[in-house]
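Peer 1: Once you know that position 293 of the sequence shown is 292 in numbering that gives the first Met the number 0, the rest is easy, because the numbers rise by one and skip nothing. All residues carry an ideal CB built from backbone N, CA and C; glycine is no exception. Before anything else, here's the structure in question.
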Amino acid sequence: MNPDGSQPAPPFSLVDNEYSILNASDLVFIDPVATGFSRVAKDEKTDEFFGDEADLDCVGEFIRLWTTRHERWLSPKFLCGESYGVFRAAGLADHLRDHYAMYLNGLVLVSGVLDFATISGDTGNDLPYPLILPAYTAAAFYHQKLPADLQSDLTGALAEARTFAKGEFTTALQQGAALPADERAKVVAELARLTGLKPQVIEDNNLRVDEGVFRKQLLHDEGLILGAYDARLTGRDGDPASAYPGFDPASTAVMGPFSAAMNSYVRSELKFEDDLPYELLASVQPWNYGARNNYANASGKLADVMNQNPYLKILVLGGRCDLVCPIDTIKHSLSHMPLAEAQRENISYAEFDAGHMMYINLPDLQKMQQELEKFLQP
């Protein structure tokens, strides 16, 4: 993005990434079926790959074949996944160990989810609302919508949001309709203080403000909506009366530059000759999560492989302004995994100012390189 965080104007340009980690590691990128340039072989059906276990089988086999053909079984091996790729990486670590006795050195989990119960609020599941609260505070801080004492100190504001989320807010939500009126009024007032939202918005949503409502309402008086993947970025959807934003300004801001860069790079520089469209963000639906009457959850697989491979390290990277996979959701999942205490010491975190794709913000990209190089050191 531009230095001020805004979307660059077309035509776009391609420049060398001086903050790559190629000086610390080889990089092998995998596009699963129906993404990027990957397509199913002749006579295969695409939907046969659209599921948790089928995906692990396919990507796991690719990793085994690549490692074998390039004679890299004795090399250090790390998996890096972003967004759903975090869910995939957790499953792959267990899959590779179980099927091929391939033990990994580490996982880099970028802006992702392990347990979908942490991000899917619904009747009977209030867990996501306290976990997303610090992201709301970070976004409100960026847009200068917090009261003066919080606006002067982001670290303090986030600490206050997390304390309230884990304590009074969670206790209030658990009471449901039994929450006394005076306690409810205190919760509404504190949520308004920590989110920058009007108290009536919080009341109207029964204390449970989802990311769509927050994105629509925080800057409603300015006629702006926030990005979902990066709440720093804003846009205008043309319908002030609608309940939810009409689009995600963060997604639209990056799609054009990313698409132009990738299509130019692979064809002009790498000389990849094919007329296939590059699927930058594919809609691989319906997806079979293999879960019935419960939320998809890869935490158990990750716990298993960490307990069986005591050397496996985990680095979690997350943007404070990510409203899709807030970093507190994966912190919750990791802290609730059944791990030996020694294995918990293998988990580390790094937070960034931007959102889901923190690397679009230059200072975050620089910090990301430093965190990754430190993590990859033997």
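1) CA-CA distance, residue 219 and residue 135?
2) Do residue 67 and residue 139 have their C-beta atoms within less than 8 Å of each other?
3) Measure the C-alpha to C-alpha separation of residue 64 and residue 57 and round it to an integer number of angstroms.
4) Taking residue 15 as the reference, which of 288, 70, 261 has the closest Cα?
5) Residue 37: which of 185, 25, 61 sits nearest, CA to CA?
6) Would you check if the distance between the CB atom of residue 229 and the CB atom of residue 93 is smaller than 8 Å?
7) Spell out a yes or no on whether the stretch 80–98 and the stretch 116–134 are touching, meaning 3 or more CB-CB pairs, one atom from each, closer than 8 Å.
8) Does DSSP classify residue 294 as helix, strand or coil?
9) Can you list, in chain order, the residues of its chain with a C-beta nearer than 6 Å to that of residue 252? Leave out the 5 residues immediately preceding and following it.
10) Since residue 380 and residue 332 should fall inside the 8 Å C-beta cutoff, what is the C-beta to C-beta distance between them, to a whole number of angstroms?
11) Could you tell me the distance, in whole angstroms, from the CA atom of residue 273 to the CA atom of residue 279?
12) Thinking C-alpha only, which one of 117, 271, 337 is nearest residue 299?
13) Under 8 Å, do residue 77 and residue 106 count as touching if we go by C-beta distance?
14) Taking residue 102 as the reference, which of 310, 86, 340, 174 has the closest Cα?
15) Once DSSP output is grouped into helix, strand and coil, what is the label at residue 229?
16) Using 8 Å as the Cβ pair cut-off and three pairs as the minimum, do the stretch 318–327 and the stretch 347–356 touch?
17) Check the Cβ-Cβ distances between residue 0 and every residue of chain D, and say whether any is below 8 Å.
18) Have a look at residue 286 and residue 28 and give me their C-alpha separation to the nearest angstrom.
19) If you follow the alpha helix (DSSP H) that residue 8 is part of, which residue opens it and which one closes it?
20) Quick check: what's the CA-CA separation for residue 1 versus residue 358?
21) Once the 5 residues before and after residue 133 are set aside, which same chain residues still bring their CB inside 6 Å of it?
22) On the criterion of 16 or more Cβ atoms from any shown chain inside 10 Å, does residue 188 qualify as buried, or is it exposed?
23) For residue 293, count neighbouring Cβ atoms within 10 angstroms of its own Cβ and tell me buried if that reaches 16, exposed if not.
24) Is residue 351 helix, strand or coil when you go by DSSP?
25) Quick one: give me the first and last residue of the alpha helix (DSSP H) that residue 144 is part of.
26) Identify whether residue 323 lies in helix, strand or coil by the three-state DSSP scheme.
27) Using the C-alpha atoms, what's the distance from residue 44 back to residue 324?
28) Does the beta-carbon distance from residue 364 to residue 18 come in below 8 Å?
29) How is residue 272 classed by DSSP in three states: helix, strand or coil?
30) Please state if the CB of residue 207 and the CB of residue 227 are separated by a distance shorter than 8 Å.
31) Taking residue 201 and residue 190 to be in contact with their CB atoms under 8 Å, please state how far apart those CB atoms are, rounded to whole angstroms.
32) Report, in whole angstroms, the separation of the C-beta atoms of residue 314 and residue 374, which I expect to be a contact under 8 Å.
33) Compare the Cα-Cα distances from residue 12 to each of 258, 166, 307, 371 and report the closest residue.
34) With a cut-off of 8 Å on the beta carbons, I'd call residue 342 and residue 296 a contact; round off their distance for me.
35) DSSP three-state call for residue 262: helix, strand or coil?
36) Between the alpha carbons of residue 184 and residue 224, how many angstroms are there, rounded?
Peer 2: From the atom records:
1) 15 Å
2) no
3) 11 Å
4) 261
5) 61
6) no
7) no
8) coil
9) 6, 232
10) The chain is shown only over 0 to 377; residue 380 falls outside these bounds and no answer can be derived.
11) 16 Å
12) 337
13) yes
14) 310
15) coil
16) yes
17) As a matter of chain content, chain D is missing from the structure shown, which is built from one protein chain.
18) 22 Å
19) Counting along the chain, residue 8 falls outside any alpha helix (DSSP H), and DSSP gives it neither H nor E.
20) 12 Å
21) 157, 160, 161, 327
22) exposed
23) exposed
24) strand
25) Unbroken run through residue 144: none, as it is neither H nor E.
26) coil
27) 31 Å
28) yes
29) coil
30) no
31) 5 Å
32) 5 Å
33) 258
34) Their Cβ separation, rounded to whole angstroms, is 18 Å, which puts residue 342 and residue 296 out of contact at 8 Å.
35) helix
36) 27 Å
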